[in-house]
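Undergrad:
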Amino acid sequence: MARTRPWEVSEEWWEKVKSLIPSAPSHAKGGRPRMEDRKAFAAIIYVLRTGNQWNALPRELGASSTVHDRFQEWEQKGFWKRALASRTHRV
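Per my numbering, the sequence shown starts with residue 4, numbered consecutively.
If you want it as structure tokens, here you go:
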């Protein structure tokens, strides 16, 4: 039997939530490129599903501070409330 990886975000799941993600703030003054929304979403799901601390996020998934900042940004903009209200994917 194959091991499951419940923290992985399937293409189907991503298609259901990507339209709910708030638009990114303007970076007109430049700076580092913003982490892709899908990568940020996958890293957040990893933390939520595994129970790891933000600081224990594997570096290949993203910088823990960036991922946590995105989680908070989306929370303030109501993303998680909308995502849970429209949930059809078993989490």
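All C-beta atoms, glycine included, are put in the ideal place defined by N, C-alpha and C.
Contact defined as beta carbons within less than 8 angstroms: I believe residue 70 pairs with residue 86. What is the distance between those atoms, to the nearest angstrom?
TA: Going by Cβ atoms, the distance from residue 70 to residue 86 rounds to 16 angstroms, so no, they are not a contact pair.
Undergrad: Could you check what DSSP says for residue 12 in three-state terms: helix, strand or coil?
TA: Note: residue 12 maps to coil in three-state DSSP.
Undergrad: For the region 54-74 against the region 36-44, are there 3 or more C-beta pairs whose distance is under 8 angstroms?
TA: Judged by Cβ distances under 8 angstroms, the region 54-74 makes contact with the region 36-44, as three or more pairs qualify.
Undergrad: Would the region 17-27 and the region 47-59 be scored as touching if the rule is three or more Cβ pairs under 8 angstroms?
TA: Not touching, per the Cβ criterion.
Undergrad: Compare the C-alpha of residue 82 against each of 10, 8, 19 and name the closest.
TA: Comparing Cα-Cα distances from residue 82 to each of 10, 8, 19, the minimum goes to 19.
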